[in-house]
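Residue numbers (mature numbering (1 follows the signal peptide of the UniProt record, and there is no 0)): -19 to -1, 1 to 407.
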């Protein structure tokens, strides 16, 4: 690690340790029910092209978030010259999380593709009576940003019913790429935290889901995520359920499949799936492995599968936005994509494939064009990551992340067949 950054972190490590109030003992409330928290979708577009932003995120998956050239990241952070664009996902969704007692509320990105929870990117961390002694130094490099700071434990409240005692969190001293938010609520598999602690790189950090379960707050180590399509810059249109599934959000039973054994997809919430197009069952992707990821905006396909989709639809890449666009005449003939996941087929309709036209001008596009949400992953299939079912996919289906049974679930919702993206223009 760069010496300048190390000494800055170490000095802050000592200052927080000396400043932290004595820690009160806390009673852990035992619950047997699942509980939900709302979250808001937020347009966080600060420039650049959405496919490029997503592909930067892919880089952290291919190399492993914990191993993404952390020495280079440390140097760049120390010098204030982080090499990737200082931008985050174009569309994110955030939850308000209370930390400490008395609490400070932070706006955190909900990310199933990473597992460190941290604050301090915008609003500074405030030590309170529940602040624990600093435990380590932490450094995480993402595809579109990074943070470095200290790792400590504190009380974290996702809602009045979801309170975690001594949750390990990162407190950023330096961060890049997280404008407009305070940090990340990482709900990916805990193994993704390995290598992020500087003094103990071989250790993993229990996630918020791990601790909710181990402290008896939730009956199962499961997260269910629901949100509806949105055509506005910001709206509270979703919820995350800890400890179970909200069956009121689904129109059919959840189909579970085991986490794929293919690497690197299997290190995340990874699944296997086939994709076909239209009533002719044109093959787009066969026997693919990839991940379900809330931190990716588009539905990304391996380059060969992406080219199959382009051929099937007649779409072309738009130079201004980097998105696919399609003429009205060709759009009229666009058919559904079909995702075969386990024993269930999920239909991804023409409207689901359409980027919300009400947001065209926000991303630098033409108000009259028809853009599509299928993007190029930037690599050929067969390398262990053939697709990412991102935001565009997940707003049409309920998704479940089951740590206990090492599986992922999907189910259709009332939004699966809704027509909203095409009809509402800027």
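Ideal Cβ placement from N, Cα and C applies to all residues, glycine included.
This one's a predicted model, so the numbers in the text were calculated from it and none came from an experiment.
Are there 16 or more other CB atoms within 10 angstroms of the CB of residue i, so buried, or fewer, so exposed?
i           : result
residue 17  : buried
residue 93  : buried
residue 54  : Since pLDDT at residue 54 reaches only 48, below the 50 mark, its modelled position is unreliable, and the value read off the structure follows with that caveat. Counting Cβ neighbours within 10 Å, residue 54 comes out buried, since at least 16 surround it.
residue 163 : buried
residue 338 : buried
residue 19  : exposed
residue 32  : buried
residue 261 : exposed
residue 309 : exposed
residue 289 : buried
residue 402 : buried
residue 157 : buried
residue 377 : buried
residue 394 : buried
From the DSSP secondary-structure annotation, give me the bridge partner or partners of residue i.
i           : result
residue 184 : None, per the DSSP bridge assignment.
residue 221 : 18, 206
residue 167 : 92
residue 258 : 263, 318
residue 270 : 253
residue 356 : 281
residue 370 : 273, 280
residue 191 : Paired residues: none, contrary to the question.
residue 239 : 388
residue 103 : Per DSSP, none; premise fails for residue 103.
residue 157 : 127
residue 97  : Beta-bridge pairing links residue 97 to no other residue.
How is residue i classed by DSSP in three states: helix, strand or coil?
i           : result
residue 253 : strand
residue 388 : strand
residue 393 : strand
residue 309 : helix
residue 42  : helix
residue 32  : helix
residue 133 : strand
residue 292 : helix
residue 85  : strand
residue 402 : coil
residue 174 : helix
residue 330 : coil
residue 344 : helix
residue 375 : helix
Between residue i and chain B, is there a C-beta pair that is closer than 9 Å?
i           : result
residue 302 : Any reference to chain B falls outside this structure, which holds one protein chain only.
Flag this pair as yes or no: are the beta carbons of residue i and residue j separated by less than 9 Å?
i           : j           : result
residue 196 : residue 136 : no
residue 365 : residue 243 : yes
residue 226 : residue 390 : yes
residue 371 : residue 280 : yes
residue 373 : residue 336 : yes
residue 95  : residue 206 : no
residue 186 : residue 174 : yes
residue 321 : residue 331 : no
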